[in-house]
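> In my numbering, the protein residues as written are 23 to 134.
Yeah, the Cβ is synthetic: ideal placement off N, Cα and C, and Gly gets one too.
I'd like to ask you about the structure that follows.
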Ligand code: 5GP
Ligand code: ZN
């Protein structure tokens, strides 16, 4: 998808600090981290938001969680805990219109 910053990262047209990649997802460090660990896990299919997901996209979402487990272990936060956040739409503050999941941890995150 043209003009989508995450599609450009997926196609390596703009740089990012990639921590994991396979056929379904890419994971890279957030540009403006809010915690010691802040990774974005992004399906490689251009899906605008959680509201655009279909049954056929289930494999992307399950893979996000499998990759999150793996990265959490590698980053040493599997035991201490972490948050997986998906912002959907305006009120949630979704700024990039390509579905993505924030993996956040490495400090006490507090209640929402
Ligand atoms: P949202 O608010 O849409 O849920 O999250 C978008 C996230 O993408 C933000 O945390 C922001 O810091 C991150 N972000 C935006 N542009 C870029 C970029 O070009 N590279 C990286 N690595 N992260 C970005
Ligand atoms: Zn995209």
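Are there any heavy atoms of the ligand 5GP lying less than 7 Å away from the beta-carbon of residue 92, as far as the coordinates show?
Here residue 92 refers to the residue found at position 70 of the chain shown. No, since every heavy atom of the ligand 5GP falls outside the 7 Å radius drawn around the Cβ of residue 92.
> The alpha helix (DSSP H) spanning residue 32 covers which residue range?
Sequence index remark: in the chain shown, residue 32 carries index 10 (1-based). Note, residue 32: alpha helix (DSSP H), 27–32.
> Specify the secondary structure class of residue 118 as computed by DSSP and reduced to three states.
Locating residue 118 in the chain shown gives position 96, where the first residue counts as 1. Three-state result, residue 118: coil.
> Using the three-state DSSP reduction, which class does residue 83 fall into: helix, strand or coil?
Translated into positions along the chain shown, residue 83 becomes position 61. Three-state result, residue 83: helix.
> Residues in the same chain with beta-carbon distance under 6 Å from residue 64, minus the five sequence neighbours each way, listed in chain order, please.
The sequence position of residue 64 within the chain shown is 42, counting from 1. Same-chain partners within the cutoff: 28, 48, 122.
> Under the DSSP definition of a beta bridge, which residues are partnered with residue 62?
Here residue 62 corresponds to residue number 40 of the chain shown, with the count starting at 1. Answer by DSSP bridge pairing, in chain order: 50, 124.
> Identify the continuous beta strand (DSSP E) that holds residue 43 and give its terminal residues.
In the chain shown, the residue the question calls residue 43 occupies position 21. Residues 40–43.
> Would a C-beta distance cut-off of 8 Å place residue 59 and residue 103 closer than the cut-off?
As a working note, residue 59 is residue 37 in the chain shown. As a working note, residue 103 is residue 81 in the chain shown. In this structure, residue 103 does not lie closer than 8 Å to residue 59 by Cβ.
> Can you tell me the Cβ-Cβ gap for residue 66 and residue 53, rounded? I've got them flagged as a contact below 8 Å.
For the purposes of this step, residue 66 is taken as residue 44 along the chain shown, with counting starting at 1. For the purposes of this step, residue 53 is taken as residue 31 along the chain shown, with counting starting at 1. So it is not a contact: roughly 19 Å between Cβ atoms.
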